[in-house]
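Worksheet for the structure shown next.
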Amino acid sequence: MCKVFKVSRSGYYSWLYSNLSLCVNENQQLTKQILKVYQTSNSTYGSPGIARELNRQGIKVSRPRVARLMQKAKIRSIIKKKFRVTTDSIHKFPIMENKLERNFKQGIIGKAWVDSQRKKTAGLMIFRW
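Each number in the numbering used here comes from the position in the sequence shown (counting from 1) with 471 added on.
Pasting the structure below:
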């Protein structure tokens with residue numbers, strides 16, 4: 472294996488049996504703490520919220536470090552977007568009658584044509600089908 476990776480045998484074994492650095496150990500412990508806070512928040516906290524919570528717990532850590540460790544561990548906040556109504560059904564404009572009754576397969580080519588037109592009137596989008 473040492474020949475494949477082009478390293479000396481002594482270098483390989485010293486790397487294999489060496490302890491991890493202090494920074495790597497701290498990052499591993501901090502990642503565990505981040506994951507614990509993330510799970511208690513029902514996966515909604517991002518890096519600012521997790522950093523704030525860890526600082527409340529007495530673990531001094533910055534937001535960029537939490538963001539970097541979250542990105543490395545593939546932890547992302549899941550935020551469900553609020554439903555917004557985008558259709559204005561209360562307007563004075565005429566509504567075309569439905570001649571197709573959702574029967575788009577007429578059987579004869581060219582019998583039914585469907586068109587989508589947009590007309591902007593005083594900041595209000597009207598869609599005609």
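C-beta: ideal position from N, C-alpha, C; glycine also.
ask   = Do you know how far the Cα of Thr-502 is from the Cα of Val-508?
value = The sequence position of residue 508 within the sequence shown is 37, counting from 1. The sequence position of residue 502 within the sequence shown is 31, counting from 1. Answer to the nearest angstrom: the Cα atoms are 10 Å apart.
query = Rounded to a whole number of angstroms, what is the C-alpha to C-alpha distance between Glu-497 and Tyr-516?
reply = Walking along the sequence shown from the start, residue 497 turns up at place 26. Walking along the sequence shown from the start, residue 516 turns up at place 45. For Glu-497 and Tyr-516, the distance between alpha carbons rounds to 21 Å.
query = In chain order, what residues of the same chain have a beta carbon less than 7 Å from the beta carbon of Ser-548, not counting five sequence neighbours either side?
reply = Along the sequence shown, one-based indexing puts residue 548 at 77. Same-chain partners within the cutoff: Ser-514, Thr-515, Tyr-516, Gly-517.
task = Please report how far the alpha carbon of Val-475 lies from the alpha carbon of Leu-493, in whole angstroms.
result = For the purposes of this step, residue 475 is taken as the residue at position 4 of the sequence shown. For the purposes of this step, residue 493 is taken as the residue at position 22 of the sequence shown. Val-475 and Leu-493: Cα-Cα distance of roughly 30 Å.
request  = With a threshold of 7 Å, establish whether the CB of Asn-490 neighbours any heavy atom of the ligand PLP.
outcome  = No copy of the ligand PLP occurs in the structure displayed, which carries no ligand at all.
ask   = Given that a residue counts as buried once 16 or more other Cβ atoms are within 10 Å of its Cβ, and exposed if not, what is Val-495?
value = Taking the sequence shown and counting its residues from 1, one reaches residue 495 at position 24. Exposed, because fewer than 16 other Cβ atoms sit within 10 Å of the Cβ of Val-495.
request  = Please classify Thr-515: does DSSP put it in a helix, a strand, or coil?
outcome  = Translated into positions along the sequence shown, residue 515 becomes position 44. Correct three-state label for Thr-515: coil.
query = How many Å lie between Leu-487 and Arg-480 at the Cα?
reply = Along the sequence shown, read from residue 1 onward, the residue named residue 487 stands at position 16. Along the sequence shown, read from residue 1 onward, the residue named residue 480 stands at position 9. Rounded to the nearest angstrom, the two C-alpha atoms are 11 Å apart.
task = Measure the C-alpha to C-alpha separation of Cys-473 and Lys-543 and round it to an integer number of angstroms.
result = For the purposes of this step, residue 473 is taken as the residue at position 2 of the sequence shown. For the purposes of this step, residue 543 is taken as the residue at position 72 of the sequence shown. Computed Cα separation, rounded: 29 Å.
ask   = Between Thr-511 and Gly-482, what straight-line distance do the alpha-carbon atoms span, to the nearest angstrom?
value = Against the sequence shown, residue 511 aligns to sequence position 40. Against the sequence shown, residue 482 aligns to sequence position 11. Those two C-alpha atoms are separated by around 43 Å.
key: Contact check, Arg-534 vs Ala-522, beta carbons under 8 Å   = Along the sequence shown, one-based indexing puts residue 534 at 63. Along the sequence shown, one-based indexing puts residue 522 at 51. In contact: Arg-534 and Ala-522 (Cβ atoms closer than 8 Å).
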